[in-house]
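These notes are about the structure you will find just below.
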Amino acid sequence: PMRMEREGLSAREAVDRVLSENIHGLELDQRCVEIAAFALALTAWKYPETGGYRPLPELNVACSGLAISAKKEEWLALAGDNTNLRLALEELYKQFKDASVLGSLINPDASLGKGSLFEIKWEEVGPLITKALSYERDDEKSEMGVVAQGLSNAANNLAKKYDLVFTNVPYLKGGYHGDSLKAFCESRYPKSKYDLATVFIERCQSFLVENGGLAVVAQQYWLFLKYYEGLRKEFIKAKKLGLIARIGPGGFETISGAVVNVCLQITFNSKPSSDYIHFGFELGSVKGLDAKRNHLIQWPVIHAKQSRQIKNPDSRISFELSDESMALLSSIADFGKGSVSGDGPHYLRKFWEFDELCKGRKRWLNSPEDGKIWSGRDNIILWGVDDHNPENELGFALRGQRVFGKSGVAIGKAGKLRFTPYTGELFDDNIAVICPFDDKDVEVIWSYCISGELEENLRKLDKKMSVTAGTFTKVAFDDSRWNSLLVKENIRKPYSDDPAQWIFHGHPVQSDKPLQVAVARLLGYRWPAELDSEMELSNETRSWVQKSKTLQSYTDDDGIVC
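Mapped onto the numbering used here, the consecutive letters of the sequence shown carry residue numbers 1166 to 1727.
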């Protein structure tokens, strides 16, 4: 309709012009190319007032995944004495040797042999191949010629520039890339190599003419994860971000749950001015597919100055971060990343399996339970020390050394955040620890965490289910405000009535499970809090520990418990 209106064309003329000049398609899989070509043809035949079924102009749809199975010598022999064609075939062989893996990531130059005597353009290669093989009777050569013709079409489309590119990019984390794809992405796309989706965002941008637009369905993690910082800076400085809609979980009819978190984004191949405003939607909290769809159509967009995004922590792209003068939690606290045992079933034990902590055993803090402040303290890790190299902890990835032995807040960071006071022990990788530089700020940080404000500010930075530990101190934090809200200092000391925690005082009367505690005491078992005089405990716990010692005379002395 646009061409009919603008140029005064008939419907049939407009359809032919659109097929030959406007619509171009690239696809890795040959069968998908066939389906796409048929869909285009069927739409053209069914379009009103075009005459129905009829011959159509050649479609600009090509398979970018065609592989060359012939030997190089046999392939080049197709050129005969034609030097130009030989140059083109040699370039095709080089460019498309990994086509079945790389597909549309292949980026051939617009012309071959630049500056040489035999400079030709990709669009000229197809007619050369057709002419060279027009009298060929060898079936094998004819088959290679068909492949060569297809590759020249693909190369022509891959080398062109476009006004608009739109697609749902492919998704594959960098850790799952095969060797050739991994090597290609690392060399050509070092800022986006961590996922095929972000590599394709970069590749699609390179398809664009100046001021051209890219509209894609992409994974949202590139907007905030630390290792995409370089990619974000490049886009913020050199590309207009246009519109970004974070869809959040539940954005697809056929995919349920929170597995797929995507954003819809439109970016432009032009440098933004210092006052350029980009737009978007934050739909992570909007529940249901229909509600998300209606929100996109009916609600006003939110906006932000693009140049402001570079000042966010790690240059994260967000419409929710607005106050650039706000201080960060990192101004008063450091973070600790958890350790990895390497083999939990082998290295982790319950503390009641041992009488004492000796060489090769250390307390291990797990994720706290929701609603239980003093929890996660039931494991011991087998800390295997190499006698020949005492610094080598066998089978163990030690992390978090900056916070060991300090006081702070430990946070179960997968899903809904859970908090427990941190008292200096080793901790699991599912935990992030925040420790103030000054112990007087422990209670301030604790109050900030349990208020819900930490999680609220964290989600403005990072939408991932499990946030990396380093992000926790990059949240906005008003130190003076939280100090003024703190009514009195009440530094929390370890206390628990749960016998499954090593800080349990050992007295059955003040216990969640008095019968089990009484029987364990009768058999002679004593809790770590009773045996370790250096363990940090609250005064109340110490009081109950003293009372527990008065029960020692009730221990069974003949080994028989009725």
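Positions of the beta carbon are idealized from the N, C-alpha and C atoms, including for glycine.
These numbers were taken from a predicted model, which means no experiment stands behind them.
Alpha carbons only, please: which of the options is nearest the one belonging to residue i?
{"i": "residue 1222", "options": "1187, 1246 and 1191", "result": "1187"}
{"i": "residue 1502", "options": "1402, 1600, 1627 and 1664", "result": "1600"}
{"i": "residue 1241", "options": "1257, 1321 and 1466", "result": "1257"}
{"i": "residue 1472", "options": "1533, 1440, 1347 and 1458", "result": "1440"}
{"i": "residue 1518", "options": "1692, 1211 and 1171", "result": "1692"}
{"i": "residue 1702", "options": "1410, 1316, 1670 and 1713", "result": "1670"}
{"i": "residue 1474", "options": "1449, 1444, 1455 and 1500", "result": "1444"}
{"i": "residue 1529", "options": "1522, 1368 and 1546", "result": "1546"}
{"i": "residue 1629", "options": "1384, 1247, 1200 and 1351", "result": "1384"}
{"i": "residue 1179", "options": "1646, 1561 and 1216", "result": "1216"}
{"i": "residue 1476", "options": "1246, 1401, 1351 and 1234", "result": "1401"}
{"i": "residue 1633", "options": "1576, 1688 and 1648", "result": "1576"}
{"i": "residue 1286", "options": "1269, 1325, 1539 and 1398", "result": "1325"}
Where does the unbroken beta strand (DSSP E) through residue i begin, and where does it stop?
{"i": "residue 1586", "result": "1583-1587"}
{"i": "residue 1328", "result": "1327-1333"}
{"i": "residue 1513", "result": "1513-1515"}
Indicate whether residue i and residue j have their beta-carbon atoms separated by less than 9 Å.
{"i": "residue 1709", "j": "residue 1543", "result": "no"}
{"i": "residue 1617", "j": "residue 1591", "result": "no"}
{"i": "residue 1378", "j": "residue 1442", "result": "no"}
{"i": "residue 1322", "j": "residue 1191", "result": "yes"}
{"i": "residue 1595", "j": "residue 1581", "result": "no"}
{"i": "residue 1483", "j": "residue 1638", "result": "no"}
{"i": "residue 1369", "j": "residue 1312", "result": "no"}
{"i": "residue 1705", "j": "residue 1660", "result": "yes"}
{"i": "residue 1525", "j": "residue 1532", "result": "no"}
{"i": "residue 1491", "j": "residue 1360", "result": "no"}
{"i": "residue 1366", "j": "residue 1388", "result": "no"}
{"i": "residue 1112", "j": "residue 1184", "result": "Nothing about residue 1112 can be read from this structure; the chain reaches only from 1166 to 1727."}
{"i": "residue 1307", "j": "residue 1253", "result": "no"}
{"i": "residue 1535", "j": "residue 1583", "result": "yes"}
Straight-line CA distance for residue i to residue j?
{"i": "residue 1453", "j": "residue 1461", "result": "13 Å"}
{"i": "residue 1295", "j": "residue 1181", "result": "23 Å"}
{"i": "residue 1537", "j": "residue 1585", "result": "8 Å"}
{"i": "residue 1497", "j": "residue 1380", "result": "41 Å"}
{"i": "residue 1405", "j": "residue 1375", "result": "11 Å"}
{"i": "residue 1403", "j": "residue 1433", "result": "9 Å"}
{"i": "residue 1572", "j": "residue 1463", "result": "49 Å"}
{"i": "residue 1194", "j": "residue 1227", "result": "10 Å"}
{"i": "residue 1412", "j": "residue 1263", "result": "34 Å"}
{"i": "residue 1459", "j": "residue 1427", "result": "17 Å"}
{"i": "residue 1622", "j": "residue 1607", "result": "19 Å"}
{"i": "residue 1345", "j": "residue 1681", "result": "60 Å"}
{"i": "residue 1170", "j": "residue 1390", "result": "46 Å"}
{"i": "residue 1698", "j": "residue 1493", "result": "38 Å"}
{"i": "residue 1204", "j": "residue 1305", "result": "31 Å"}
{"i": "residue 1172", "j": "residue 1207", "result": "24 Å"}
{"i": "residue 1620", "j": "residue 1499", "result": "17 Å"}
{"i": "residue 1725", "j": "residue 1690", "result": "15 Å"}
{"i": "residue 1555", "j": "residue 1450", "result": "Low confidence applies to residue 1555: its pLDDT is 49, below 50, so where it sits in the model is not reliable, and the reading given next is rough at best. Going from the Cα of residue 1555 to the Cα of residue 1450 covers about 50 Å."}
{"i": "residue 1271", "j": "residue 1372", "result": "11 Å"}
{"i": "residue 1602", "j": "residue 1229", "result": "56 Å"}
{"i": "residue 1587", "j": "residue 1446", "result": "37 Å"}
{"i": "residue 1598", "j": "residue 1675", "result": "30 Å"}
{"i": "residue 1394", "j": "residue 1627", "result": "13 Å"}
{"i": "residue 1672", "j": "residue 1568", "result": "32 Å"}
{"i": "residue 1339", "j": "residue 1266", "result": "14 Å"}
{"i": "residue 1273", "j": "residue 1570", "result": "57 Å"}
{"i": "residue 1417", "j": "residue 1396", "result": "27 Å"}
{"i": "residue 1552", "j": "residue 1717", "result": "Any reading at residue 1552 needs caution, since the residue's pLDDT is 49, under 50, leaving its predicted position unreliable; the model's value is listed next. One C-alpha to the other measures close to 38 Å."}
What does residue i pair with, by DSSP beta-bridge criteria?
{"i": "residue 1597", "result": "1502 and 1576"}
{"i": "residue 1384", "result": "1427"}
{"i": "residue 1683", "result": "Residue 1683 is not bridged to any residue."}
{"i": "residue 1227", "result": "1191"}
{"i": "residue 1631", "result": "1579"}
{"i": "residue 1378", "result": "1329 and 1433"}
{"i": "residue 1528", "result": "1545"}
{"i": "residue 1442", "result": "1470"}
{"i": "residue 1592", "result": "1530"}
{"i": "residue 1338", "result": "1360"}
{"i": "residue 1447", "result": "1411"}
Which residue comes first and which comes last in the alpha helix (DSSP H) that contains residue i?
{"i": "residue 1365", "result": "1361-1371"}
{"i": "residue 1176", "result": "1176-1182"}
{"i": "residue 1709", "result": "1704-1714"}
{"i": "residue 1411", "result": "No alpha helix (DSSP H) holds residue 1411; the beta strand (DSSP E) holding it covers 1405-1413."}
{"i": "residue 1672", "result": "From DSSP, residue 1672 is part of no alpha helix (DSSP H); its letter is neither H nor E."}
{"i": "residue 1248", "result": "1248-1260"}
{"i": "residue 1607", "result": "1607-1615"}
{"i": "residue 1462", "result": "1454-1463"}
Any heavy atom of the ligand COA closer than 8 Å to the CB of residue i?
{"i": "residue 1445", "result": "With respect to small molecules bound, the structure shown includes none, and the ligand COA cannot be examined in it."}
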